[in-house]
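See structure below.
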Amino acid sequence: MKHIAKLFLLLAFLWNVPAFAMDAMDIVRKANHVSYYNGEDGRAKVKMRIMDAQGRVRIREFIILRRDEDKTDGRQEFYVYFNKPADVKKMVFMVKKNMDRDDDRWLYLPALDLVKRIAASDERTSFVGSNFFYEDVSGRGINEDNHRLVKEDDNYYVIENTPKNPGAVEFASYKSWIHKTTFLPVKVEYYDAAGKLLRRYSALKVEMISGYPTVTASSMEDFRTGSKTLMNYSAVKYNIGLPDNIFTERYLRKVPRKYLR
Amino acid sequence: MSRVITVIILLVFPRILFAQEVKLPEGLGDLATMTQTEDSGPGLPFDLSGFVESRIGTRLQRDAHEKDTSIGEMRLQIGIEKDFEALTVNFVTDFIYDPVLNNHTIDLETGQGFADIREANVVFSPFDFMDVKIGRQVLTWGTGDLVFINDLFPKDWNSFFIGRDNEYLKGPSDALKAAVFFGDYNLDIVYTPRFDSDRFIDGRRISFFDRGLGALRGRENPVVANRPDRWFQDDELALRLYRSFGAYETALYYYNGFWKSPAGVDLNNGQVTFPKLQVFGASVRGPVIKGIGSAEVGYYKSADGAASNPLIKNGEFRLLLGYEQEIATELTASVQYYLERKLDYGQYLASLPPGAIRDSKNRHIFTLRLRKLLMNQDMTVGLFNFYSPTDRDGYLRVNISYKISDSLTVSAGGNIFYGSRISSFFGQLKDNSNIFTALHYDF
Chain G
6 MKHIAKLFLL
16 LAFLWNVPAF
26 AMDAMDIVRK
36 ANHVSYYNGE
46 DGRAKVKMRI
56 MDAQGRVRIR
66 EFIILRRDED
76 KTDGRQEFYV
86 YFNKPADVKK
96 MVFMVKKNMD
106 RDDDRWLYLP
116 ALDLVKRIAA
126 SDERTSFVGS
136 NFFYEDVSGR
146 GINEDNHRLV
156 KEDDNYYVIE
166 NTPKNPGAVE
176 FASYKSWIHK
186 TTFLPVKVEY
196 YDAAGKLLRR
206 YSALKVEMIS
216 GYPTVTASSM
226 EDFRTGSKTL
236 MNYSAVKYNI
246 GLPDNIFTER
256 YLRKVPRKYL
266 R
Chain X
3 MSRVITVIIL
13 LVFPRILFAQ
23 EVKLPEGLGD
33 LATMTQTEDS
43 GPGLPFDLSG
53 FVESRIGTRL
63 QRDAHEKDTS
73 IGEMRLQIGI
83 EKDFEALTVN
93 FVTDFIYDPV
103 LNNHTIDLET
113 GQGFADIREA
123 NVVFSPFDFM
133 DVKIGRQVLT
143 WGTGDLVFIN
153 DLFPKDWNSF
163 FIGRDNEYLK
173 GPSDALKAAV
183 FFGDYNLDIV
193 YTPRFDSDRF
203 IDGRRISFFD
213 RGLGALRGRE
223 NPVVANRPDR
233 WFQDDELALR
243 LYRSFGAYET
253 ALYYYNGFWK
263 SPAGVDLNNG
273 QVTFPKLQVF
283 GASVRGPVIK
293 GIGSAEVGYY
303 KSADGAASNP
313 LIKNGEFRLL
323 LGYEQEIATE
333 LTASVQYYLE
343 RKLDYGQYLA
353 SLPPGAIRDS
363 KNRHIFTLRL
373 RKLLMNQDMT
383 VGLFNFYSPT
393 DRDGYLRVNI
403 SYKISDSLTV
413 SAGGNIFYGS
423 RISSFFGQLK
433 DNSNIFTALH
443 YDF
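Top line first, the protein sequences correspond to chains G and X.
Note that the numbering used here has the first sequence beginning at 6, numbered continuously upward.
Note that the numbering used here has the second sequence beginning at 3, numbered continuously upward.
This is the structure we're talking about:
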C-alpha cells in the first residue's frame, strides 16, 4: 500500500514538474487555451459598458455562442446575437475563425432579411465600438508574436511579446501577467516603441464555472483616448452540446432560441 | 495514510482547491465590477421594439410635376415578437403621417396611408429539417448590393429614391416560405398566392419620363396599373437551392411570376401591365484576395411573343460581379459591375415604331460604395454611386449619420441623379434630386 502511495506521489510530482520549468511558449499556449478554448463549446451573456473621456456611456449587450471545431485549439465558430442597443437588436454576427487565412464573417440584418458576407477587417479594430478589439474577443494567434519569459514570482509568469510583423499592429510590444495556477492572463499592457503605455487589459473577476476558471469581469483601457470598456459575462455555460449547424445560414435567419435562453 | 491520500488528491487534482470564485492575487485592477442589472424591461408578456422618427427632405430644383418637398413624414414603428412553445409570432407595423402624399387611406399593397404592415407572420418548424414562415414578411436573397437579379421580392423604389432608411427598399411579401435542409443542400421555396409587385415609380412621389407621352410625368397624371390580382392564379413561385463548398456559397434560383415593375402597356386604356416572367439564375460568393467576391447571373424569360411585341419588355440576360474589401481602418470599399443585355435585339429593333427611343443592346452599370466609421463607430459616412457608361447617367447616394446616444441618431443625406438624356434610366429622375435629414429614436 505504501508503495502504491509513493508511486502516486511520484506521478503527481512528475505531473507538476513542468509547472516549475515552463518555457514561454508553453505558458502562452496554456493561457490561450484557458482564455478561449474552455470546454468544447460555450455560451455567455455579455454586457459592455463603454465610457469615453467625457464620461459618456454606451451599452452593448449580446449573447455569444462558441464552438470549437476540434481539440487542437484551432478553428472556432462564433454566433453573436445582439440585444442592445436597440438599433442593432436581433442582428446576428457570425464568425468562422480560421488559422491559415482571414476569418469568414457574416452579418444578418432582420429588417431586410439580409444575410451579408463581410470582408474580413483588421483584427485590431474596435469590436462594436468598444475598447476591445476583435482580436481581444476571439484571441490573437499565438504564433504571431515572439514570447519571452521575463519574470516569474509566486503568482505570475510575466511574458513579453513582440510582434513578428510589427507593421500589422499598433503596438511595439505587450506584456502579459499570467496567473500561475489558472494560466489566465490577469493583466496585459500594450506599449509603443518608446515604452509608453497604450492600452491595458485587466481581469477583474474570475469565477469557477463547470470546472473552468472563467474571467467574468474585465476591463480594457485606452490611454491615448482616455476611454475604457468594462465587460461582464453572465449566465456562462460550457459543453452545452451546440450542434455544428447552428453556425449556418439557417440559424442566421431563424434564431436558435433554445441555445440563447 | 489518509493524510498521504489527501496530499495526492491535492497534487493531482489542484482544481478542486478552488472555491466558487477564484481569488486573484491582490494589487491588480480595482476589482470594480459593474452592477449586474438583469434585463429591467417593462415586464411585457412579449418582446417590444421599434422606433419613432421624423424625416424631411427637399428637391434641389423645381420639378414641374412634383412638390418641392420630397419627403416629410413622422413614422412610428412598433415591433412585437412573441415566442410560444413551438412557434414564434412576429408583427411589425409602421404608423405614418405623411403630408407630402396627403393620401391617408390605408393601402397595404402599395404602402400608402396611415399604416403599413411590414411583418405579420408565424414561424415554426414542422420537422427537424424544415422551417416555415407564413404571412407578411420581408424576403431577401442573392449577392447584389442594391442591385438585384434573382431577388424578385418586392422593392420600394419610391422609398429608396426619397431617402427613407435602407430597410424600406424592401417591400413586404404576403407569402409562405418553406426552408428545407438536407445536410449539404438546402432549398428555399417561397410561394406568393397573389402577385406582389414592386412599389414602383408611378409619378405620385417621383416624376419620370413616359416614353408613350414623350414627356415627363408626375403627380398630375399618376400611372394606373393593371396588376394581376387573382388569388392562386396570378401567383408567384421563387426557389433557391443552395450549398456551401468550404467558404464559398453557391446557389441556383428559379422564379415564375411576373415582371415586378411595369414592363408593358395596354394600349386600350393606357394602363401599365406586368407581363409573365420566368427567371433562371445562379450565384457564387466567397473570399477573393483580401475581400469578398461574388458573381450572379440570371436569364429573364419574358412573356411569349415579347421579342416582337414593342409593348412587352424583352427577355434579358443579367450579370453581376462584385468585390468588397476593407481598404483602410474602418473604411470599406465595394465595386460592382452589372450588365443587362436584351435578348432578341434584332426583333426588338424591328418591332419598334418609327421614331421610338431605342435602347442599346447592353446596359452597363458600375457601382462604387464607400463606408467609413468614425468617432468610436458613432458616426457613419457612406457613399454609393451608380454610373452607366452606356446610358451616360448615374445616381449618387450620400449619407452621414451620428449616434447622439445609444437610442438617438441624427442623419442627413442626398439622392443625386445625373445624366445627359431625359429618357435614360437615371437621367429621367434628374428633377427628383433631393437632400434630407432625419431624427430617429430607437426603443
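Every residue, glycine too, gets a C-beta built ideally from N, C-alpha and C.
- prompt: Would you say VAL54/X and ILE73/X are within 9 angstroms of each other, going by their C-beta atoms?
  reply: no
query: Of the residues ASP236/X, VAL290/X, PRO356/X and ALA177/X, which one's Cα is nearest the Cα of PRO312/X?
result: PRO356/X
Sheet register partners of GLU254/G (DSSP bridge): Its beta-bridge partners do not exist; DSSP assigns none.
- prompt: Straight-line CA distance for MET377/X to GLY60/G?
  reply: 15 angstroms
message: Does THR331/X pass the burial test, meaning 16 or more other C-beta atoms within 10 Å, or should it be called exposed?
response: exposed
query: In chain X, which residues lie with their C-beta within 8 angstroms of the C-beta of ASP107/G?
result: PRO289 and LYS292
Neighbour flag for THR439/X against chain G, beta carbons, 9 angstroms: no
task: Flag this pair as touching only if the segment 190 to 198 of chain X and the segment 236 to 249 of chain X have three or more C-beta atom pairs under 8 angstroms; answer yes or no.
output: Touching, yes, given that three or more Cβ pairs across the two stretches are closer than 8 angstroms.
- prompt: Would a check of beta-carbon distances place TYR339/X closer than 9 angstroms to chain G?
  reply: Chain G has no Cβ within less than 9 angstroms of the Cβ of TYR339/X.
- request: Quick one: list the residues of chain X neighbouring ALA58/G, beta-carbon separation under 8 angstroms, in chain order.
  value: Those do not exist, as ALA58/G stays about 11 angstroms from chain X at its closest Cβ, beyond 8 angstroms.
message: 9 angstroms is my cut-off, CB to CB: does GLY44/G come that close to chain X?
response: no
task: Taking ASP85/X as part of the beta strand (DSSP E), name the residues at either end of that continuous run.
output: 71 to 85
task: Verify the CB distance criterion: does PRO90/G have a CB-CB separation below 9 angstroms to chain X?
output: yes
message: To be precise: take each residue of the segment 175 to 195 of chain X, compare its Cβ to all Cβ atoms of chain G, and keep it if any distance is under 8 angstroms. Which residues remain?
response: ALA181, PHE183 and ASN188
message: Beta carbons nearer than 7 angstroms to chain G: which residues of the segment 296 to 312 of chain X have them?
response: none
task: Could you name the residues of the same chain whose beta carbon sits closer than 6 angstroms to that of LEU254/X, not counting the 5 residues immediately before and after it, in chain order?
output: Beyond the five residues adjoining it in sequence on each side, LEU254/X comes within less than 6 angstroms, by CB distance, of LEU243 and ALA284 in the same chain, given in chain order.
message: Checking the sheet assignment: what are the DSSP bridge partners for MET53/G?
response: ARG65/G and MET236/G
query: When you compare only the Cα positions, how much space is there between GLY416/X and PHE162/X?
result: 11 angstroms
- request: Taking all protein chains shown into account, decide if TRP143/X is buried (16 or more other Cβ within 10 angstroms of its Cβ) or exposed.
  value: buried
- prompt: Can you list, in chain order, the residues of its chain whose CB lies under 6 angstroms from that of LYS166/G, leaving out five sequence neighbours each side?
  reply: A quick correction: the sequence has Asn, not Lys, at residue 166/G. The answer, listed in chain order, is ASP150, HIS152 and TYR179.
field: Contained alpha helix (DSSP H) runs [length at least 4] in the segment 95 to 174 of chain X, N- to C-terminal order
entry: 159 to 164
task: Sort out for me which residues DSSP pairs ILE367/X with in a bridge.
output: TYR340/X
- prompt: If you run the structure through DSSP and keep just helix, strand and coil, what is ARG262/G?
  reply: It is helical.
field: Span separating the alpha-carbon of MET76/X from that of GLY384/X
entry: 24 angstroms
- request: Note down, in chain order, every chain G residue with its Cβ under 7 angstroms from the Cβ of THR334/X.
  value: ALA124
- prompt: Mind listing which residues of the segment 44 to 58 of chain X have their C-beta closer than 7 angstroms to chain G's C-betas, in chain order?
  reply: SER51
- request: Could you tell me which chain G residues have their CB closer than 7 angstroms to the CB of GLN379/X, listed as they occur along the chain?
  value: SER131 and GLY134
task: Check the Cβ of PHE445/X against every Cβ in chain G and list those closer than 9 angstroms, keeping chain order.
output: ALA91
message: Taking 6 angstroms as the limit between beta carbons, can you name the residues of its chain near MET36/X, skipping five residues before and five after?
response: Because the pLDDT of MET36/X is 40, which lies under 50, any placement of that residue in the model is unreliable, and the question is left without a value.
field: HIS67/X (DSSP reduced to helix, strand or coil)
entry: coil
message: Tell me which residue opens and which closes the beta strand (DSSP E) that MET27/G is part of.
response: Premise fails: MET27/G is in no beta strand (DSSP E) and is neither H nor E.
- request: Using a Cβ-Cβ cut-off of less than 7 angstroms, give me the residues of the segment 227 to 256 of chain G that come near chain X, in sequence order.
  value: LEU235, ASN237, SER239 and ARG255
query: Between GLU68/X and ARG232/X, is the Cβ-Cβ spacing less than 9 angstroms?
result: With respect to ARG232/X, GLU68/X sits apart: the two C-beta atoms are not nearer than 9 angstroms.
message: Strictly under 9 angstroms for the Cβ-Cβ distance: is GLY31/X near chain G by that measure?
response: Unreliable placement is indicated for GLY31/X, whose pLDDT of 41 sits below 50; no coordinate value is reported for it.
field: Same chain only: Cβ atoms within 7 angstroms of SER304/X, ignoring 5 sequence neighbours per side
entry: PRO277, LEU279, ILE314, LYS315, ASN316 and GLY317
- request: Keeping to the same chain, check which residues put their C-beta closer than 6 angstroms to that of GLU128/G; ignore five residues upstream and five downstream.
  value: TYR139 and GLU140.
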